[in-house]
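Report on one structure; see the data block that follows.
In UniProt numbering, the protein residues as written are 1 to 296.
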């Protein structure tokens with residue numbers, strides 16, 4: 001992305017501590033200024049006609065200043081038009097994913113002290129259309145995520161066909177099968193890292209497939225038959241070449257690469273089952289729920 005926009009312009013560092021938070025003061029309250037870091041930020045406003053560009057800022061920092069803090073400092077003190085997503089500041093919401101020196105990272109878990117010498121180049125996530133500055137278009141991803149039904153689909157054994165205490169009890173052992181996949185925060189770093197997403201824009205992608213596997217492995221769920229047609233398509237699980245970049249960049253240790261391989265096995269077994277048990281091709285779903293739905 002860095003090759004697609006103009007040469008940078010340098011914004012002056014504004015004067016300090018008399019207007020709101022002073023230089024180097026993060027939103028966590030630390031005020032000991034260690035120096036300044038050069039922060040190069042991708043800027044793009046579709047309505048100004050200038051096209052993408054990079055603007056550089058000299059940002060004061062402390063030991064606790066995160067990239068989210070730095071971007072907010074720029075927004076508060078230099079240019080209030082800077083657009084980016086953020087919320088929790090603690091690696092839970094997944095809102096602040098962006099490219100940092102060419103690598104997908106959460107801005108709230110990226111600290112300026114680490115980049116004191118080299119500086120930071122911040123760009124929107126790769127493989128997404130850019131709405132404005134660091135904000136990318138999430139609608140295509142949300143459509144893919146919705147297509148795999150990322151919720152518990154109740155079965156006939158649930159009271160009144162809906163989730164209920166008696167029909168949805170689960171043992172700790174049963175939860176282990178999918179627990180790690182529940183940690184996904186939809187930060188989309190995996191989509192930015194995945195080479196197949198860059199090549200095949202319609203690829204379902206790591207996070208959406210992981211969500212499907214998470215619910216297919218849930219003993220309370222009965223939606224595997226409805227998810228399988230979405231997974232077993234040209235743009236479903238099969239574009240994945242198991243590079244593993246999605247798992248490498250995941251900040252929560254979810255391992256979507258493993259989830260995708262499990263989904264491939266399940267779809268292949270379901271296909272084979274069609275020749276053995278007609279009209280029951282989905283019997284080989286992502287988990288043997290019949291065996292695992294014993295007395296909790």
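Heads up, the beta-carbon is just placed ideally off N, CA and C, and yes, glycines get one too. What you are looking at is a predicted structure, and each value in this text was computed from that prediction instead of being measured.
Which stretch, first to last residue, makes up the alpha helix (DSSP H) that contains residue i?
| i | result |
| --- | --- |
| residue 251 | It is not in any alpha helix (DSSP H) - residue 251 carries neither H nor E in the DSSP assignment. |
| residue 215 | 206-216 |
| residue 190 | 189-193 |
Quick one: grab the DSSP three-state call for residue i.
| i | result |
| --- | --- |
| residue 116 | coil |
| residue 198 | helix |
| residue 175 | helix |
| residue 57 | strand |
| residue 132 | strand |
| residue 159 | Because residue 159 carries a pLDDT of 48, less than 50, the predicted location of this residue cannot be relied on, and the following value inherits that uncertainty. If DSSP states are grouped into helix, strand and coil, residue 159 belongs with the helices. |
| residue 277 | coil |
| residue 111 | strand |
| residue 17 | Note on residue 17: pLDDT 38, under 50, position unreliable in the model; the coordinate value appears next. It is coil, neither helix nor strand. |
| residue 147 | helix |
| residue 229 | helix |
| residue 90 | coil |
| residue 139 | helix |
| residue 74 | helix |
| residue 182 | helix |
| residue 271 | helix |
| residue 262 | helix |
| residue 257 | helix |
Pick out whichever of the options has its Cα sitting closest to the Cα of residue i.
| i | options | result |
| --- | --- | --- |
| residue 177 | 213, 247 and 78 | 213 |
| residue 98 | 265, 276 and 250 | 250 |
| residue 194 | 207, 219 and 185 | 207 |
| residue 66 | 108, 79 and 41 | 108 |
| residue 210 | 168, 222, 149 and 169 | 149 |
| residue 121 | 77, 71, 223 and 131 | 71 |
| residue 205 | 234, 152, 101 and 82 | 234 |
| residue 84 | 127, 146, 42 and 232 | 42 |
| residue 231 | 78, 48, 137 and 262 | 262 |
| residue 45 | 64, 133, 128 and 111 | 133 |
| residue 236 | 247, 268, 172 and 220 | 268 |
| residue 215 | 147, 201 and 111 | 147 |
| residue 139 | 246, 202, 217 and 103 | 202 |
| residue 220 | 170, 242 and 246 | 170 |
| residue 94 | 183, 145 and 175 | 183 |
| residue 48 | 131, 185 and 240 | 131 |
| residue 155 | 175, 186 and 224 | 224 |
| residue 240 | 75, 222 and 265 | 265 |
| residue 153 | 275, 197, 180 and 217 | 217 |
| residue 226 | 243, 151, 124 and 56 | 151 |
| residue 185 | 199, 145 and 172 | 145 |
| residue 222 | 168, 270, 79 and 103 | 168 |
| residue 200 | 229, 60, 136 and 127 | 127 |
| residue 252 | 141, 270, 69 and 105 | 105 |
| residue 244 | 228, 62 and 197 | 197 |
| residue 62 | 111, 272, 174 and 136 | 111 |
Does residue i have its Cβ less than 8 Å from a Cβ in chain C?
| i | result |
| --- | --- |
| residue 141 | Going by chain labels, chain C is absent from the structure shown, which holds only one protein chain. |
Could you name the residues that DSSP lists as bridge partners for residue i?
| i | result |
| --- | --- |
| residue 36 | 60 |
| residue 41 | 55 and 122 |
| residue 103 | 100 |
| residue 222 | Residue 222 pairs with nothing; no bridge assigned. |
| residue 66 | 111 |
Segment contact flag, the region 29-45 with the region 108-116, C-beta cutoff 8 Å, min 3 pairs: yes
Per the contact definition of three or more C-beta pairs closer than 8 Å, is the region 242-259 in contact with the region 183-192? yes
Inspect the CB distances between the region 88-104 and the region 49-57 and report whether three or more fall short of 8 Å. At 8 Å Cβ cutoff, the stretches do not touch.
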